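Report on the structure given below.
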Amino acid sequence: MKKIIICEHIEKSFGEGNEKRNVLDGVSVEINEGEFVSIMGPSGSGKSTLMYAVSGMDSIDSGKVSFEGKNLSTLREKELADIRRTEMGFVFQQPTMLKNLNILDNIILPSIRDNRKSATKITEKARVLMEKVGIGELEKRDITQVSGGQLQRAGICRALISNPKIIFGDEPTGALNSKSAQEIMDIISEINTEGTAVMLVTHDAKIAARTERILFMCDGKIVSEMRFKKYNGSDIDDRMKKVTAKMRELGI
Amino acid sequence: MYYKIIRNDISKSKLITLTTTIFIAAAAMLVTLSAILVVNLSGAIDSLMKQAKTPHFLQMHSGDIDTVRLKDFAEKNSHVDEFQVLEFLNIDSAKIVIDRNSLADNVQDNGFSTQSEKFDYLLDLDGNIINVSDGEIYVPVGYFKDGTAKVGDKVVIDEKKFTVAGFLRDSQMNSLLASSKRFLVSENDYAEIKDYGSTEYLIEFRLKDLSEIGTFEAAYTSAGLEVNGPTITYPLFKMLNAISDGLMIAVILLVSVLVVAIAFMCIRFTLLAKIEDDYREIGVMKAIGLRVSDIKKLYLAKYTVIAAVGSTLGFALSFLFRGMLLENIRLYMGESENSSIAIIFGIIGMLLVFLAIIAYVSKVLKRFRKISAAEAIRFGALQEKSAGAKRFCLSRNRLLHTNIFLGVKDVLARKGLYATMLAVLVISTFIIIVPQNLSNTISSKSFITYMGIGNSDIRIDIQQTDHISKKAAEIIRTLEHDSTISKHTLLTTKSFKAKTENGSEERIKIELGDHSIFPVEYSKGRAPVKEDEIALSAINADELGKKVGDGMTLVIDGKENKLTVSGIYSDISNGGKTAKAVFPDHSADIMWCVIYAKLSDKSLAADKTSEYANKFNFAKISGIDEYITQTFGSTISSVDKASTAAIIIALIITILITILFMKLLIAKDRYPIAVMKAFGFTNSDIMAQYMSRAVFVLIIGIILGTFLANTLGEVLAGAVISSFGASSFHFAVNPLTAYLLSPLMMISSVLIATIIGTSGAGKIKISEHIKE
Numbered sequence: 000m001k002k003i004i005i006c007e008h009i010e011k012s013f014g015e016g017n018e019k020r021n022v023l024d025g026v027s028v029e030i031n032e033g034e035f036v037s038i039m040g041p042s043g044s045g046k047s048t049l050m051y052a053v054s055g056m057d058s059i060d061s062g063k064v065s066f067e068g069k070n071l072s073t074l075r076e077k078e079l080a081d082i083r084r085t086e087m088g089f090v091f092q093q094p095t096m097l098k099n100l101n102i103l104d105n106i107i108l109p110s111i112r113d114n115r116k117s118a119t120k121i122t123e124k125a126r127v128l129m130e131k132v133g134i135g136e137l138e139k140r141d142i143t144q145v146s147g148g149q150l151q152r153a154g155i156c157r158a159l160i161s162n163p164k165i166i167f168g169d170e171p172t173g174a175l176n177s178k179s180a181q182e183i184m185d186i187i188s189e190i191n192t193e194g195t196a197v198m199l200v201t202h203d204a205k206i207a208a209r210t211e212r213i214l215f216m217c218d219g220k221i222v223s224e225m226r227f228k229k230y231n232g233s234d235i236d237d238r239m240k241k242v243t244a245k246m247r248e249l250g251i
Numbered sequence: 000m001y002y003k004i005i006r007n008d009i010s011k012s013k014l015i016t017l018t019t020t021i022f023i024a025a026a027a028m029l030v031t032l033s034a035i036l037v038v039n040l041s042g043a044i045d046s047l048m049k050q051a052k053t054p055h056f057l058q059m060h061s062g063d064i065d066t067v068r069l070k071d072f073a074e075k076n077s078h079v080d081e082f083q084v085l086e087f088l089n090i091d092s093a094k095i096v097i098d099r100n101s102l103a104d105n106v107q108d109n110g111f112s113t114q115s116e117k118f119d120y121l122l123d124l125d126g127n128i129i130n131v132s133d134g135e136i137y138v139p140v141g142y143f144k145d146g147t148a149k150v151g152d153k154v155v156i157d158e159k160k161f162t163v164a165g166f167l168r169d170s171q172m173n174s175l176l177a178s179s180k181r182f183l184v185s186e187n188d189y190a191e192i193k194d195y196g197s198t199e200y201l202i203e204f205r206l207k208d209l210s211e212i213g214t215f216e217a218a219y220t221s222a223g224l225e226v227n228g229p230t231i232t233y234p235l236f237k238m239l240n241a242i243s244d245g246l247m248i249a250v251i252l253l254v255s256v257l258v259v260a261i262a263f264m265c266i267r268f269t270l271l272a273k274i275e276d277d278y279r280e281i282g283v284m285k286a287i288g289l290r291v292s293d294i295k296k297l298y299l300a301k302y303t304v305i306a307a308v309g310s311t312l313g314f315a316l317s318f319l320f321r322g323m324l325l326e327n328i329r330l331y332m333g334e335s336e337n338s339s340i341a342i343i344f345g346i347i348g349m350l351l352v353f354l355a356i357i358a359y360v361s362k363v364l365k366r367f368r369k370i371s372a373a374e375a376i377r378f379g380a381l382q383e384k385s386a387g388a389k390r391f392c393l394s395r396n397r398l399l400h401t402n403i404f405l406g407v408k409d410v411l412a413r414k415g416l417y418a419t420m421l422a423v424l425v426i427s428t429f430i431i432i433v434p435q436n437l438s439n440t441i442s443s444k445s446f447i448t449y450m451g452i453g454n455s456d457i458r459i460d461i462q463q464t465d466h467i468s469k470k471a472a473e474i475i476r477t478l479e480h481d482s483t484i485s486k487h488t489l490l491t492t493k494s495f496k497a498k499t500e501n502g503s504e505e506r507i508k509i510e511l512g513d514h515s516i517f518p519v520e521y522s523k524g525r526a527p528v529k530e531d532e533i534a535l536s537a538i539n540a541d542e543l544g545k546k547v548g549d550g551m552t553l554v555i556d557g558k559e560n561k562l563t564v565s566g567i568y569s570d571i572s573n574g575g576k577t578a579k580a581v582f583p584d585h586s587a588d589i590m591w592c593v594i595y596a597k598l599s600d601k602s603l604a605a606d607k608t609s610e611y612a613n614k615f616n617f618a619k620i621s622g623i624d625e626y627i628t629q630t631f632g633s634t635i636s637s638v639d640k641a642s643t644a645a646i647i648i649a650l651i652i653t654i655l656i657t658i659l660f661m662k663l664l665i666a667k668d669r670y671p672i673a674v675m676k677a678f679g680f681t682n683s684d685i686m687a688q689y690m691s692r693a694v695f696v697l698i699i700g701i702i703l704g705t706f707l708a709n710t711l712g713e714v715l716a717g718a719v720i721s722s723f724g725a726s727s728f729h730f731a732v733n734p735l736t737a738y739l740l741s742p743l744m745m746i747s748s749v750l751i752a753t754i755i756g757t758s759g760a761g762k763i764k765i766s767e768h769i770k771e
């Protein structure tokens with residue numbers, strides 16, 4: 000299986016002098032094409048920081064992050080932005096949308112920057128995606144006129160608009176009720192089955208249990224790892240039991 | 000508590016606080032200065048005219064004079080307090096040589112006088128009545144200012160030698176706009192040079208009551224006394240003295256209004272941004288029961304401090320500059336009597352600025368009333384409405400680059416915020432274009448047509464000499480045989496009696512000849528073409544109460560003739576009271592002649608002027624450019640200076656405000672910038688979006704500013720120009736500078752300022768603003 004991300008001994012700290020705190024303490028991890036990975040851990044364990052480092056949104060102090068063979072630390076700001084725009088997709092806990100644009104415009108924004116000429120095609124694709132996640136009728140709405148669950152679906156459409164190789168999700172269901180969260184996870188799982196790798200940061204054992212590989216983090220280190228088969232919708236209770244048992248074992 | 004809040008607030012926004020303070024200081028300084036200048040100028044004019052005992056009524060007259068009859072009139076007229084006839088010896092400027100340079104190129108009517116006995120004194124620079132000794136000469140102060148003469152210089156008139164003993168202030172003829180200048184010599188010397196020139200008489204009256212001047216003027220006219228020359232009254236002397244410094248004050252006042260407006264814009268912008276930031280807190284304060292007035296006080300406190308500091312600073316600064324600006328007034332008119340009152344007016348000006356700022360802040364803070372506590376706490380931000388921008392969709396955009404689209408969209412979506420920047424840019428454009436157009440208009444050759452002077456290349460004046468018509472005919476003959484002259488005309492001025500509405504008679508000077516060859520600008524109607532038509536200068540039309548189409552009765556050769564007013568034009572020559580007609584007349588005496596000529600090749604003007612000057616030494620020959628330079632020279636150069644200064648000031652304001660605005664915007668937009676970066680927009684994309692915003696606002700600003708400059712600006716400039724006597728006014732626009740260079744300067748300034756102002760956007764870290 001081809002590896003799309005390889006992290007070697009990455010370190011990152013915040014603060015200075017006595018206040019200095021290692022948030023990532025020599026983390027190494029690899030992610031394969033089409034893989035569905037989740038990161039669990041208590042608050043402040045470094046899971047979000049790891050995701051930001053892996054996606055090139057945040058710099059690291061030492062170590063190396065490679066995306067498809069390119070060392071992210073050596074790339075210029077422009078090249079990093081190009082990769083984020085064309086090969087990665089992001090879904091955050093809060094819907095990070097621009098207030099001035101309607102739902103449809105927010106979705107097509109990353110893709111249309113490079114392909115203004117094929118705007119019709121991009122818009123068509125966005126409509127198909129919106130239909131698929133069940134918000135087809137909302138394209139002209141302002142972002143203040145729809146619910147949190149609907150916004151998060153729009154966020155997923157935006158992450159998918161450029162056909163990325165990987166989607167990063169930072170607690171994408173964290174702000175939603177359990178019904179909405181289930182629906183969002185169904186969509187993300189479906190995307191993954193279609194071949195896009197997914198890396199999720201989550202607190203929720205039920206969410207993590209639907210992924211193939213779970214990385215447990217504590218104090219800036221990956222302390223344990225757990226693997227499952229691809230989720231097919233049948234054995235969720237069994238998977239959840241295993242995850243919670245592991246969490247108890249690790250004291251998370 | 001206030002102290003703490005203010006200190007925190009100021010230390011958090013040093014740049015904007017500093018800028019606002021600077022603008023308030025500048026506004027306070029300018030307002031204070033104009034108040035001080037106005038008081039000083041009017042005081043100085045009053046004391047000059049009081050010390051010099053300026054005549055209330057002056058009739059200039061050349062030709063024979065019957066002093067006995069005049070004296071008799073003065074004694075019998077109950078309004079007259081004092082009366083005198085002064086001699087004014089007109090000498091051809093070419094014959095006056097100061098320090099080996101002749102005044103040949105000077106267009107002023109230079110002449111000589113002795114000190115008068117009763118009133119209309121010529122004063123030295125200390126304001127004392129000059130007592131001049133034989134061999135000494137006092138020179139008009141204007142020639143000191145422009146460096147023509149200095150104390151100790153030798154002055155030669157024909158063969159008689161003088162030494163410059165000092166300079167004089169002439170309450171009548173100080174101003175460059177008064178076309179005559181008096182040199183002062185002793186009685187003995189005057190007798191010696193009397194034959195070098197022609198004598199003109201200044202028939203002067205001082206009245207017991209200045210308000211009776213109208214009645215007196217009518218009485219003088221109906222008495223049929225000497226009238227061969229311009230008539231000037233006290234109010235006109237006063238205006239002539241006030242014009243040049245008055246213009247400067249008007250400009251300063253105008254600029255100060257604009258600076259106050261910019262200070263307001265700064266305040267509005269920061270306050271709106273602050274209210275938006277503090278939206279939730281304001282909601283909470285309202286929710287826990289604080290009164291709107293209590294909350295307002297928290298915000299008002301900071302601006303009270305800023306306004307107080309700014310105004311005081313501005314007042315202090317005004318002391319630095321007042322000396323410089325008062326210099327001209329002091330030189331021409333001397334110290335003002337009421338300089339202590341001036342300071343009081345200065346303080347009042349400063350207080351006005353202070354109060355205006357407080358009132359404005361208070362007005363902006365009225366928005367607090369509209370904030371709903373519940374909404375503020377629930378949403379934490381103003382629910383912005385952007386109806387106009389809604390249909391402007393990225394998905395439908397095929398035309399603009401995405402970054403440009405996003406920039407334009409943001410401006411449309413947050414109009415209120417950008418309105419502030421727009422206002423500043425409109426003002427800047429206005430400040431750049433209006434003085435530029437004004438300067439271009441005044442220096443354009445056609446401008447003199449507003450002043451009652453035809454647009455030609457050479458102007459030949461024949462006056463204060465005998466056999467005027469014969470001499471004029473001689474020149475005309477020469478012109479007709481000169482192949483370089485493409486066209487010419489002879490205009491002869493004569494004095495006629497006109498019947499007024501109430502049956503009395505009034506003298507009016509009429510310029511006869513063909514007025515279609517070198518037409519002047521008519522504010523209403525057109526030039527006279529038929530023999531029964533007459534055009535009146537604006538002041539004459541006003542005084543006679545005539546409109547275009549009205550009838551008018553002239554007494555020509557003892558017979559009454561009916562004429563129709565065909566047009567009204569502006570005029571500054573001869574006290575502004577002139578008329579133009581085409582009827583032939585051989586009855587009245589010729590007062591003077593003017594010949595205008597146009598050359599087939601304009602570049603010959605200088606050669607031709609000197610050729611004719613040598614040939615016809617009885618006439619005054621001036622190239623029209625020279626005529627303009629000397630008449631309006633100082634006005635043109637000061638407007639030019641003002642226009643350059645205005646451009647610099649406007650560009651500085653533009654740069655400063657744009658930087659400030661962009662910095663604030665970046666601070667406000669940290670979150671959306673982080674979002675865009677997260678989704679793969681580069682720093683240069685962000686920069687391009689902010690530039691698009693700035694340029695979009697700027698383009699609207701330039702269009703609006705240019706439009707306002709050409710409408711409102713033209714009206715304002717017209718009001719200034721009309722003080723010269725011109726009634727209709729249109730800008731002569733130089734499209735290259737006004738529509739290309741100026742916008743280019745604005746665009747480059749805004750782009751540079753945007754690059755500086757948005758440099759902080761690159762430092763915004765995605766993770767700091769998005770990470771949960």
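In order, the protein sequence lines correspond to chains L and R. Each residue of the first sequence is one higher than the one before, starting from 0 at the first, in numbering that gives the first Met the number 0. Each residue of the second sequence is one higher than the one before, starting from 0 at the first, in numbering that gives the first Met the number 0. Glycine residues also receive a C-beta, built at the ideal position from the N, C-alpha and C atoms. All values reported here derive from a predicted model rather than from experimental measurement.
Notebook entry, point to check: When burial is assigned at 16 or more other CB atoms within 10 Å of the CB, is R/I769 buried or exposed?
Noted result: buried
Check: Closest to R/M284 by CA distance: which of R/I294, R/S445 and R/I347 is it?
Finding: R/I294
Notebook entry, point to check: Would you say L/I255 reaches chain R, if we count a Cβ-Cβ gap shorter than 9 angstroms as a contact?
Noted result: Only positions 0 to 251 of chain L appear in this structure, which leaves residue 255 of chain L out of reach.
Next item on the list: Provide the residue(s) that pair with R/V226 in DSSP beta bridges, ordered along the chain.
Entry: Beta-bridge pairing links R/V226 to no other residue.
Item checked: Cβ-based neighbour list, R/R525, same chain, cut-off 7 angstroms, excluding 5 preceding and 5 following -> S565 and G566
Check: Does any C-beta atom of chain L lie closer than 9 angstroms to the C-beta of R/R413?
Finding: yes
Notebook entry, point to check: By Cβ distance, which residues of its chain are closer than 8 angstroms to R/K70, with the 5 residues on each side in sequence left out?
Noted result: Counting only Cβ-Cβ distances below 8 angstroms, and skipping sequence neighbours, we find F82.
Margin query: Bridge partners for R/Q592 per DSSP, in chain order?
Written below: The sequence shown places Cys at residue 592 of chain R, not Gln. Under DSSP, R/C592 takes part in a beta bridge, and its partners are R/I461 and R/T491.
Checklist line | Own chain residues within Cβ distance below 8 angstroms of R/T608, not counting five before or after | finding: I457, I620, S621, G622 and E625
Check: Would a check of beta-carbon distances place R/K408 closer than 9 angstroms to chain L?
Finding: Under the Cβ distance rule, R/K408 counts among the residues neighbouring chain L, one pair being separated by less than 9 angstroms.
Notebook entry, point to check: According to DSSP, is L/F227 helix, strand or coil?
Noted result: In the structure shown, L/F227 adopts coil according to DSSP, grouped into three states.
Next item on the list: Examine chain L for any beta-carbon lying closer than 9 angstroms to the beta-carbon of R/M675, and answer yes or no.
Entry: yes
Next item on the list: Taking L/T122 as the query, report the chain R residues whose CB atoms sit under 7 angstroms from its CB, ordered along the chain.
Entry: By Cβ distance, chain R contributes S394.
Check: Of all the residues that make up the region 203–236 of chain L, which are near chain R by a beta-carbon distance shorter than 9 angstroms?
Finding: none
Item checked: Where R/V714 falls, given that 16 or more other Cβ within 10 Å makes a residue buried -> exposed
Notebook entry, point to check: L/D104 CB to nearest chain R CB: under 9 angstroms?
Noted result: yes
Check: How would you list, in chain order, the residues of chain R whose beta-carbon sits under 7 angstroms from the beta-carbon of L/I111?
Finding: Within 7 angstroms of the CB of L/I111, the CB atoms of chain R belong to L393 and T401, in sequence order along the chain.
Note to self: Would you say R/T681 lies against chain L (beta-carbon separation less than 9 angstroms)?
What the structure shows: Using a Cβ-Cβ cut-off of 9 angstroms, R/T681 counts as an interface residue toward chain L, since at least one Cβ of chain L sits closer than that to its own.
Next item on the list: Could you list the residues in the region 46–69 of chain L with a C-beta less than 8 angstroms from some C-beta on chain R, going in chain order?
Entry: S47, T48, Y51, M56 and D57
Item checked: Contact list for L/R83 against chain R, beta-carbon separation under 8 angstroms -> A677, F678 and G679
Checklist line | Beta-carbon gap between R/L252 and R/V30 smaller than 9 angstroms | finding: Contact: yes.
Notebook entry, point to check: For the alpha helix (DSSP H) that contains R/R168, what are its first and last residues?
Noted result: Unbroken run through R/R168 is the beta strand (DSSP E), K159 to D169; no alpha helix (DSSP H).
Checklist line | Endpoints, alpha helix (DSSP H) assigned at R/L364 | finding: Run containing R/L364: none; DSSP gives neither H nor E here.
Check: Anyone know if the C-beta pair for R/G333 and R/D125 falls short of 9 angstroms?
Finding: yes
Notebook entry, point to check: Which full runs of the alpha helix (DSSP H) of 4+ residues lie inside the region 283–335 of chain R, going along the chain?
Noted result: 291–332
Next item on the list: Would you tell me roughly how many angstroms separate the C-alpha atoms of R/K667 and R/I702, rounded to the nearest one?
Entry: Looking at the backbone, the Cα of R/K667 and that of R/I702 are separated by about 28 angstroms.
Notebook entry, point to check: Taking DSSP as the reference, what is the three-state secondary structure of R/F429?
Noted result: helix
Notebook entry, point to check: In chain order, what residues of the region 258–284 of chain R put their CB closer than 9 angstroms to some CB of chain L?
Noted result: none
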